[in-house]
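Protein chains in written order, with numbering that gives the first Met the number 0: chain A, 0 to 727; chain B, 0 to 77. Glycine included, every Cβ here is placed at the ideal spot set by N, Cα and C. Predicted, not measured: the structure shown is a model, and the values here were computed from it.
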Amino acid sequence: MAVEPRAGGGAADTRSSLPPHIAAASARRVVPAAAERMPVYAMVGNPNCGKTTLFNALTGLRQKVGNYPGVTVEKKIGEAFSQHGRPMKIIDLPGAYSLAARSPDEAVTRDVLLGRRADTPQPDRIICVLDATNLERNLYLVHQILDLGRPVIVVINMMDLARRGGVEINVIALEEKLSVPVIACEAVNGKGLVELRLAMSRAELPLARHRWDVPAPIAPAVADLQAALVDADRRSPLVARAEALLLLTDLDSVRVAGSTPLSQRTTAILAAWRSRWAGQGTDWSGTLIRGRYESITELCRGVIRRTREQGPSFSDRVDAVLVHSIWGWVFFAAIMLALFFSIFTLAEYPMNWIDQHVAALGTWVKGVMPPGDLRDLLTDGVIGGVGGIVVFLPQILILFFFVGLLESTGYMARAAFLMDRPMSRVGLHGKSFIPLLGSFACAIPGIMATRTIEDAKDRLVTILVAPLMSCSARLPVYLLMIAALLPGDTMPITTKAGIMALMYALGTLGAFGFAWLFKQTLLRSAPPLMILELPPYQRPRLRQILHQMFERGWLFLKNAGTIILAISIVLWFLTAYPKHPDPAATPDAQIAHSLAGQTGRLIEPLIKPLGFDWRIGIGLVTSFAAREVFVSSMGVIFGVQSAGDDTSPIRDALRQARWPDGAPLFTPLVCLVLMIYYVFAMQCMSTVAVVRRETNSWRWPLFQIAYMTGTAWFLCFLVYQGGRALGF
Amino acid sequence: MLSPLCQLPVGTTGRVFRLTGDEGFCQRIREMGFGEAALVTKLSGTATSLCLVNGMRIALNHGAAKTILVEHLPAGTR
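Encoded structure:
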């Protein structure tokens, strides 16, 4: 439903009809002139209300998503343009049910809105996105935001879904009650965007005139706390009132205060009121929440109309199969199998194409350049190292396409529902499975997604085990080892996919096993209570999935062009220098004489019991930067050793590699052990840095390195020595 | 008849009578509109319950469903 933009109205007239606390504060507030700087909008809403789709529709590709794209757990800033072409900044905040934050991502939303974050400007205006299919629940957050007394635009999204479910929403009635712009929207179809832009383009937005009465038993406490927060904690009057209400909603005042601890005076007033209510048997938090819902029910009178009795929806019918105790698991297994088969079959053609062109480029360079160190650096260092990694791009893209598809359709939450039971056996709940499933793509967004887990110990356990899920960076290592393990193209795809699935299963089992161990020992806590909303099924938003997939692919290529290129060049130097005294020395003798060779020999005693020689050792050390570096390192090391103009693929070079006694180095057993090593070892600097940031301590990332790499070594030792004893 | 939500038969509707979980959990589910007097229909599940509350599908694990005491309503109420 279109909304006509209205004139801002005189400030004095507007103030006279505002709730008293807002009128008093708005009289004091100095609003910067409209043309002074780019206005900052914050976009907020409940999880799954379509906020990110709307953000993407408004900002297009003009987004800054930090370093790690993924679900909305990190701050996203984009730029949009008003109807008059004026730029506007939009911050897409993490989804939240309430400003009484219970998880780290909800705390980000609260802190930005309250102007607590030094790294983010306090928004000038707030866009509240609501799910039309569940308006009352979504209005709870809006109700809290209106307390802040800032200009608000309300966007009611998914109007089509509400209509189909037999719910009519009178947008004009709601707009009249709130006196702020209310826009009907279908972000997926682009409906309502023009109206939203028009509202955002207005030089002035009216403040909400909606009043609600804080329940009588609580009201005096709100006034006391507000006064203390203004005087002793230096909060602005409106922020003080909103914070006072949050302190009386959430039982944990430290959590509400966040990074801005409360003064002694405020703490004492809060304690005195709580003690008084405890004596009277008053459920103050419940009273306040009920008070808000009563106000919302009043607000919705005449706004929501049910046109027909709601029968089972499309999502109900699909859920009857997809979360069924048997068919649900069959479907889940089918999805996982489809993923592994796609990685092998669909990716084969573009991979061969890249492989051939990388080889052709190397041959061409060798043809046009005279022999010498510069030519070797280019062919063996740059082309061998980076080319060996770029070839895996198609598989990375397929993996991210699947993850995006599962998120976009709403299936990810169903997977969490199904996995709740097995997860409960190890002391976690289904919500922990979403970060673990996301870690199949990359542990970094997976670890960041743990911010939705409320319990600190459960969150820490999930962070500690998330890197055990096989991420996309392990994919090149597995694929290379499988190629070396199963030579020839006659081997059926099922065998290769089976080994790959086995590695993924091993990592998952490891994650579950360690989660159980940590919950029994280091991080013991009561079984967690899980409540998880399952969003309605939606048509996959292909554009969004492709955007996310290419963003991740670009990050992979950027990594290959920077970190991996740099490591490849350094590694080439380390393998090429110092030069062997005999100019006619074989490539084997040269690399053994080089700095890399000497370093590899230093660590060889530690890894020889696993069946690895010093050359593999160099790969293990360099791939601590990122797991996929192992492949480029092998490319450089064995590329250096391949004589003459041979630019054969790395897997062929590995098959030809020998121990000094002539025995093959990469036997099937060694390939298997190497894969097991990469399943368990903590080989990713970026993950270590993110765990440090998320846990705010070096203790946990160091513990993670020790337990993961220790387990990797121990298991590899068992498998290799056991395999040798059995004659493999 | 009163029972924990985990014991509400699939396909039937109940009214939330009392929340007995820890205070933090009660606060959050009240904020989600799942407080006292809310109507809840059990859609499926034994260990993990899938319920319909105010038009939204909510999954609760066994521990959480055990803390929500519901009053069983006659068949056909939704």
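Own chain, CB closer than 7 Å to residue i, minus 5 neighbours either side, in chain order
i, result
"Cys715 of chain A", "Leu609, Val672, Ile675, Tyr676"
"Arg614 of chain A", "Gly599, Ile636"
"Lys176 of chain A", "His209, Leu298"
"Phe665 of chain A", "Ala483, Leu653, Arg654, Ala656"
"Gly728 of chain A", "Because chain A spans 0 through 727 in this model, residue 728 of chain A falls outside it and cannot be assessed."
Min CB distance residue i to chain A below 8 Å
i, result
"Ala80 of chain B", "Missing from the structure shown is residue 80 of chain B; chain B here goes from 0 to 77 and no further."
"Phe24 of chain B", "yes"
"Gln6 of chain B", "no"
"Glu30 of chain B", "yes"
"Leu68 of chain B", "no"
"Ser43 of chain B", "yes"
"Arg27 of chain B", "yes"
"Gly62 of chain B", "yes"
"Thr47 of chain B", "yes"
"Leu54 of chain B", "The residue asked about is misnamed: residue 54 of chain B is Gly in this sequence, not Leu. Gly54 of chain B counts as touching chain A."
"Gly10 of chain B", "no"
"Leu38 of chain B", "no"
Same chain only: Cβ atoms within 6 Å of residue i, ignoring 5 sequence neighbours per side
i, result
"Ser2 of chain B", "none"
"Trp272 of chain A", "Ala220"
"Asp159 of chain A", "Glu185"
"Met31 of chain B", "none"
Under 8 Å between C-beta atoms of residue i and residue j
i, j, result
"Ile568 of chain A", "Thr621 of chain A", "no"
"Ala510 of chain A", "Met468 of chain A", "yes"
"Gly94 of chain A", "Asn156 of chain A", "no"
"Gln394 of chain A", "Leu479 of chain A", "no"
"Ala472 of chain A", "Ala625 of chain A", "yes"
"Leu72 of chain B", "Gly13 of chain B", "yes"
"Ala183 of chain A", "Val170 of chain A", "yes"
"Gly384 of chain A", "Ile563 of chain A", "yes"
"Ser407 of chain A", "Arg540 of chain A", "yes"
"Gly409 of chain A", "Ser312 of chain A", "no"
"Leu197 of chain A", "Val154 of chain A", "no"
"Leu129 of chain A", "Cys48 of chain A", "yes"
"Val390 of chain A", "Val357 of chain A", "yes"
"Gly100 of chain A", "Gln26 of chain B", "In the sequence as displayed, the identity of residue 100 of chain A is Ala instead of Gly. Cβ distance not < 8 Å, so Ala100 of chain A and Gln26 of chain B don't count as in contact."
"Met42 of chain A", "Ile126 of chain A", "yes"
"Gly618 of chain A", "Ile602 of chain A", "no"
"Gly257 of chain A", "Arg115 of chain A", "yes"
"Asp372 of chain A", "Ala583 of chain A", "no"
Cutoff 8 Å; reference residue i; Cβ partners in own chain excluding five residues on either side
i, result
"Ile295 of chain A", "Glu135, Leu138, Tyr139, His142"
"Val9 of chain B", "Lys41, Leu42, Ser43, Gly44"
"Phe340 of chain A", "Ile492, Ala496"
"Phe16 of chain B", "Leu1, Glu35, Leu68, Val69, Glu70"
"Thr11 of chain B", "Thr40, Lys41, His71, Leu72, Ala74"
Chain B within 8 Å of residue i, Cβ atoms only
i, result
"Asp612 of chain A", "no"
"Ser97 of chain A", "yes"
"Val70 of chain A", "Unreliable positioning characterises Val70 of chain A in this predicted model, as indicated by a pLDDT of 35, which lies under 50. The coordinate reading is nonetheless provided below. By this cut-off, Val70 of chain A is not an interface position."
"Arg101 of chain A", "yes"
"Asp249 of chain A", "yes"
"Asp315 of chain A", "yes"
"Arg305 of chain A", "no"
"Ser593 of chain A", "no"
"Ser423 of chain A", "yes"
"Asp118 of chain A", "no"
"Arg300 of chain A", "no"
"Arg264 of chain A", "no"
"Gln318 of chain A", "Here the sequence assigns Asp to residue 318 of chain A, which means Gln is not the residue at that position. True, the Cβ-Cβ gap to chain B drops below 8 Å."
"Arg109 of chain A", "no"
"Arg458 of chain A", "no"
"Arg420 of chain A", "yes"
Chain E within 8 Å of residue i, Cβ atoms only
i, result
"His428 of chain A", "In the displayed structure, chain E is absent; the protein chains listed are A and B."
Query raised in the report: Looking at chain B, which residues of the region 391-418 of chain A have a Cβ within less than 7 Å of any of its Cβ atoms?
Result: Phe416
**Report entry** Chain-ordered residues of the region 518-535 of chain A with a beta carbon less than 9 Å from chain B
**Finding:** Ala525, Pro526, Pro527, Leu528, Met529, Ile530, Leu531, Glu532, Leu533, Pro534, Pro535
Query raised in the report: In the region 322-349 of chain A, which residues sit with their C-beta less than 7 Å from some C-beta in chain B, listed in chain order?
Result: Val322
Report task. Could you tell me which uninterrupted alpha helix (DSSP H) segments, each at least 4 residues in length, are contained entirely in the region 100-164 of chain A, listed from first to last along the chain? Result -> 103-112, 134-145, 158-163
Report task. Would you mind listing the alpha helix (DSSP H) stretches within the region 435-519 of chain A that are 4+ residues and don't spill past its ends, in chain order? Result -> 442-447, 455-464, 473-484, 492-519
Query - Contact residues within the region 268-290 of chain A, judged by C-beta distance below 8 Å to chain B - result: Ser284, Gly285, Ile288, Arg289
Requested in this report: May I ask you to list, following chain order, the residues of the region 133-164 of chain A that have a beta carbon less than 8 Å from some beta carbon of chain B?
Outcome: Asn133, Glu135, Arg136, Tyr139, Gly164
Report task. Report the residue ranges of all alpha helix (DSSP H) runs contained in full by the region 397-435 of chain A; include only those spanning at least 4 residues, in chain order. Result -> 410-424
Query raised in the report: What are the residues of the region 696-720 of chain A that lie near chain B, defined by any Cβ-Cβ distance shorter than 7 Å?
Result: none
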